[in-house]
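*Asks:*
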Amino acid sequence: MILGLDVSHWNVPNWADWAARGYKFAWIKCTEATGFTDPKFVAHYAAASAFKRGPYHFFRNAANPEDQAAYFRATVGDRMGELPPMVDFEDTAAAKLGETPARALRCLKEVERLFGRKPVIYSAAWWWNPWIGNVAWANDYPLWVANYTTAASPVRPIGWDHWDVWQYTSSPLDQNRMSDLIWTALFPPGPPPDTVTITIQNTTAFDLKAALS
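Residues 1 to 213 in our numbering are what the sequence shown spells out, letter by letter.
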C-alpha cells in the first residue's frame, strides 16, 4: 500500500516529516460549492511539491452542479497536479435522495469534461447509501472510501465492487492508503537504466573493458 494525506485549511502539516515517513501523495482541498476557495490551497500545493498532488472539491447538494465544476476548474488553474481531481460527497444539508444522485452525476461529468480526467469520488457508506443509493454509474468511478477502522479492508458504499483509496484514520491528519495496483496504473515504472550497446566486430578487448567500466 502507498501512504498519503488529504488536507484543507484546517491542517498545518509538516510536509518534510510526512515525506520522511514514506508518505507519497496528497489531495488538497481547493473549492466548495460555487463561492468558497480554501485559503490554504495555493500554500499547501506549493509546500507539498515532494508529493504526487491532486486538487479536490467539496460538493454542495444545493448548488448548481455544472457551476460547481466550473468554479473548481477555474480556481485550480495550472495547479492540476499529478493525481486525478477528486469530488468529496458528504454534504448533509440537503434532503436525502431526491435529486441528489442526478445532480452528483452531472457534477462528475462536468469535472471530467473540464479537467480531461475521470474524477475520483470520495465518500463513505454512512453518507452515500442514504443520499445517493445504489446507482448503476457509481462503479465506473474510482472510489476513495472513508472508513476509520483497524479491519483489513474498508466498508464500501453500495454500488461498488472495488475501492482505490482508503482513508483509514483522521488522527493526527487524514491518512490514506492507495493500492499498489492503482499507484502503478497512475505512475508506471520508468524504463530500465541506460545500457551500453557494443558492436563486438572490430572492437578490441581494451575497448570492451573501457565501455563496461
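For glycine and all other residues, C-beta sits at the position ideal for the given N, C-alpha and C.
1) With DSSP run on the structure shown, which of helix, strand or coil describes D38?
2) According to the Cβ coordinates, are Y52 and E82 closer than 8 Å?
3) Ordered along the chain, which non-local residues of its own chain (more than five positions away) have a Cβ less than 7 Å from that of P65?
4) In the region 56-126, which residue ranges form an unbroken beta strand (DSSP E) of at least 3 residues, counting only runs that do not cross its ends?
5) Please state if the CB of R73 and the CB of F115 are separated by a distance shorter than 8 Å.
6) DSSP on N129, reduced to helix/strand/coil?
7) Can you tell me which of the three DSSP states N139 falls into?
8) Can you tell me where the beta strand (DSSP E) with A26 in it begins and where it stops?
9) Under the assumption that A94 contacts A62 (Cβ atoms under 8 Å), give the Cβ distance between them as a whole number of angstroms.
10) Thinking C-alpha only, which one of H162, S170, Q175, V76 is nearest I182?
11) Buried or exposed: which applies to V145, given that a residue is buried once 16 or more other Cβ atoms fall within 10 Å of its Cβ?
*Replies:* In brief:
1) coil
2) In the sequence as presented, Tyr is not what sits at residue 52; that position holds Lys. Cβ atoms of K52 and E82: closer than 8 Å.
3) R103, R106, C107, E110
4) 86-88, 120-123
5) yes
6) Judged by DSSP in its simplified three-state form, N129 adopts helix.
7) helix
8) 25-32
9) 5 Å
10) H162
11) It counts as buried.
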